[in-house]
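J.:
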Amino acid sequence: MAFRPALRRVLRQAPFLIIALVLAACGRDYPQSTLRPHSDITRMIDGVFMNTVWWALGVFILVEGALVWAIFRFRGKPDDPEPRQTHGNTTIEILWTAIPALILAMISVPTVRAIFRTYDEPSGADVVRVNVRGHQWWWEFSYPQYGVTSANELHVPVGKTVFLEMNAYDVIHSFWMPQLGAKRDVFPNRKTTLWFRADSAGFYPGQCAEFCGTQHGRMAFHVAAETPAEFDAYIHGLQATNVAAAADSAKARPDTARRAAAPPVTTTALAAQTATGPDTAAGHKLFSSKGCVQCHSLNAVKFNKNLLGPNLANVGARRYIAAGTLPNTDANLAHWIQHPWSVKHGVLMPELGLSDADARTLAAYLRTHTGK
Ligand SMILES: [Cu+2]
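Just add 2 to the spot in the sequence shown (first one is 1) and you have our numbering.
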């Protein structure tokens, strides 16, 4: 039959496949592993997991040990007489009911306690609050205390408690940071929460963990846990993009200039935001004429129904674009702008038929928007 040679080929390669799998376990990077906890909440969850592992290991060794011992100790020989017949043993029955019940209690009490702890709502002036919103197929992170919003990169200060209040714009998603937090579903019309306190700086991967459409697998994000000073600089940079915008619109509409009363802006913040040079001027023009402005703000503002895309206030400095799908290189940025559907088929951002040159000009323009 036709499948026989194919089957033989697969079988011949199976050892290599198995070796590859085993070697993969030696990799030093565990991108989406909960076994490398870096926050108090994931250490607690890891504790629950290891507690279960040790108990299970103990049970396994005892039960299998007793089994193997009994097999050899009471092995029958062909001319053995029939063994003594017994019926029931109350002591043993009580023991093998009580001991498993006790073991289950040792596992379930810490587990249930940990589950409830993940639902705590931390309070206090020190808590950094973040509103998380799931969109097909990207994540929006707003900081209500600071009035800024960004996408796909959650910046948090190490050592401070972060409280996430989450929902979804369209369908059900699930917010999962394997090394920093638990996993929690997010819903269009219900708030769910999660908290964590990162204990070491790093750039940690996260992922949507609830099937939410064809590009669900490309709905990742990252958490940048950084020093409080770096975090402050990040927030101030985003705030500057909003201040610059207020100043710009005040310039455009002189009658509102006085009302806008924007706080003083440092010239460096403005310089970073204002398009300068022929390249960025051309990009600035393309950004409106090609319709990008329909969906994207260049300020760190929240999503709204009239702007279907993430804001691009600091897109030049994000490490990835398209929700963790592409490293943010110049070539990838231009490629995404020109052919978003070849990266994420079905994405809300349309193929706009841009020329190579236009895509490069737009990418160079967006690169200057670093939120710094
Ligand atoms: Cu999703």
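The beta carbon of each residue, even a glycine, is placed where N, CA and C say it ideally should be.
#1: Can you check whether the CB of Arg199 is closer than 8 Å to the CB of Thr163?
#2: To which residues of the same chain is Met221 closer than 6 Å at the C-beta, ignoring the five residues directly before and after it?
#3: Could you name the residues of the same chain whose beta carbon sits closer than 8 Å to that of Pro265, not counting the 5 residues immediately before and after it, in chain order?
#4: Once you ignore the five residues that flank Arg77 on each side, which residues in its own chain have a CB closer than 8 Å to its CB?
#5: Using CA coordinates, which residue listed in Ala58, Phe143, Arg135 is at the minimum distance from Ile101?
#6: With 16 as the cutoff for other CB atoms within 10 Å, does Phe289 come out buried or exposed?
#7: Taking just the CA atoms, how far does Ala184 sit from Ala49?
#8: Taking the straight line between their C-alpha atoms, what separation do you get for Trp178 and Gln340?
#9: Excluding sequence positions up to five away, which residues of its chain have a Cβ less than 7 Å from the Cβ of Val225?
#10: Is Arg115 helix, strand or coil when you go by DSSP?
#11: Spatial neighbours of Glu123 within its chain, please: C-beta separation below 8 Å, excluding the five flanking residues on both sides.
#12: Specify the secondary structure class of Pro7 as computed by DSSP and reduced to three states.
#13: Would you say Gly326 touches ligand 1, meaning its beta carbon is less than 7 Å from a heavy atom?
#14: In whole angstroms, what is the alpha-carbon distance linking Cys297 and Ala107?
#15: What would DSSP say about Ile323, mapped onto helix, strand or coil?
#16: Can you tell me whether Ile43 is buried or exposed? The criterion is at least 16 other CB atoms within 10 Å of its CB, across all chains shown.
#17: State yes or no: is the beta carbon of His40 nearer than 8 Å to at least one beta carbon in chain D?
#18: Let me confirm a value: Leu9 is counted as buried when at least 16 other C-beta atoms fall within 10 Å, else exposed. Which label applies?
#19: Would the C-beta of Met52 count as close to ligand 1, meaning under 7 Å from any of its heavy atoms?
#20: Let me make sure I understand the geometry here. Which of Thr216, Glu167, Ala315 has the alpha-carbon closest to that of Thr236?
#21: Go to Met46, then tell me how far its alpha helix (DSSP H) extends in each direction, as first and last residue.
#22: Give the straight-line distance between the Cα atoms of Leu310 and Pro342, rounded to the nearest whole angstrom.
#23: Rounding to the nearest angstrom, what Cα-Cα distance links Pro17 and Pro33 in this structure?
#24: Measuring alpha carbon to alpha carbon, tell me which residue in Tyr322, Asn306, Lys287, Glu353 is nearest Leu364.
#25: In chain order, which beta strand (DSSP E) runs of at least 3 residues are fully inside the region 132-205?
#26: Compute the Euclidean distance between the alpha carbons of Leu240 and Gly373, then round it to the nearest angstrom.
T.: Let me spell this out:
#1: As a working note, residue 163 is residue 161 in the sequence shown. As a working note, residue 199 is residue 197 in the sequence shown. The answer is yes: Cβ separation under 8 Å.
#2: Against the sequence shown, residue 221 aligns to sequence position 219. The answer, listed in chain order, is Trp139, Cys210, Ala325.
#3: The count along the sequence shown starts at 1 and reaches residue 265 at position 263. With a pLDDT of only 41 at Pro265, under 50, the local geometry of the prediction cannot be trusted, and the value read off the model is given with reservation. The residues are Val245.
#4: Taking the first residue of the sequence shown as position 1, residue 77 is located at position 75. Nothing listed; no residue qualifies.
#5: As a working note, residue 101 is residue 99 in the sequence shown. Cα-wise, what sits closest to Ile101 is Ala58.
#6: For the purposes of this step, residue 289 is taken as the residue at position 287 of the sequence shown. It counts as buried.
#7: Working through the sequence shown from its first residue, we reach residue 49 at position 47. Working through the sequence shown from its first residue, we reach residue 184 at position 182. One detail in the question is off: residue 49 reads as Gly in this sequence, not Ala. The straight-line gap from Cα to Cα measures roughly 13 Å.
#8: On the sequence shown, residue 178 is found 176 positions in, with the first residue counted as 1. On the sequence shown, residue 340 is found 338 positions in, with the first residue counted as 1. Going from the Cα of Trp178 to the Cα of Gln340 covers about 30 Å.
#9: If you number the sequence shown from 1, residue 225 lands on position 223. Once the five neighbours on either side are set aside, the close Cβ partners of Val225 are Leu156, Val158, Met179, Leu182, Tyr206, Gly208.
#10: Position 113 of the sequence shown, counted from the first residue, corresponds to residue 115. DSSP places Arg115 in helix when its eight states are reduced to three.
#11: By one-based count along the sequence shown, residue 123 stands at place 121. Counting only Cβ-Cβ distances below 8 Å, and skipping sequence neighbours, we find Phe165, Thr195, Trp197.
#12: Taking the first residue of the sequence shown as position 1, residue 7 is located at position 5. DSSP places Pro7 in helix when its eight states are reduced to three.
#13: What you label residue 326 is simply residue 324 of the sequence shown in a count that begins at 1. No, since every heavy atom of ligand 1 falls outside the 7 Å radius drawn around the Cβ of Gly326.
#14: Along the sequence shown, read from residue 1 onward, the residue named residue 297 stands at position 295. Along the sequence shown, read from residue 1 onward, the residue named residue 107 stands at position 105. Distance between the alpha carbons of Cys297 and Ala107 is about 53 Å.
#15: Here residue 323 corresponds to residue number 321 of the sequence shown, with the count starting at 1. In this structure, Ile323 counts as strand in the three-state DSSP scheme.
#16: Within the sequence shown, numbered from 1, the residue matching residue 43 stands at position 41. By the neighbour-count rule (16 or more Cβ atoms within 10 Å), Ile43 is buried.
#17: Protein chains in the displayed structure number just one, and chain D is not present.
#18: Within the sequence shown, residue 9 is the residue found at index 7, counting from 1. Exposed, since its Cβ has fewer than 16 Cβ neighbours within 10 Å.
#19: Counted from its first residue, the sequence shown places residue 52 at position 50. Outside the cutoff, so no.
#20: Residue mapping note: residue 236 aligns to position 234 of the sequence shown, counting from 1. A small correction: the amino acid at residue 236 is Tyr; Thr does not occupy that position in the sequence shown. Comparing Cα-Cα distances from Tyr236 to each of Thr216, Glu167, Ala315, the minimum goes to Ala315.
#21: By one-based count along the sequence shown, residue 46 stands at place 44. Its alpha helix (DSSP H) spans residues 42-75.
#22: In the sequence shown, counting from the first residue as 1, residue 310 sits at position 308. In the sequence shown, counting from the first residue as 1, residue 342 sits at position 340. C-alpha separation (whole angstroms): 15 Å.
#23: On the sequence shown, position 15 is the one that residue 17 refers to. On the sequence shown, position 31 is the one that residue 33 refers to. Roughly 26 Å separates the two Cα atoms.
#24: Residue mapping note: residue 364 aligns to position 362 of the sequence shown, counting from 1. Closest option to Leu364, Cα to Cα, is Lys287.
#25: 140-145, 150-153, 155-159, 163-170, 175-178, 185-188, 194-199
#26: By one-based count along the sequence shown, residue 240 stands at place 238. By one-based count along the sequence shown, residue 373 stands at place 371. Cα to Cα, Leu240 sits roughly 5 Å from Gly373.
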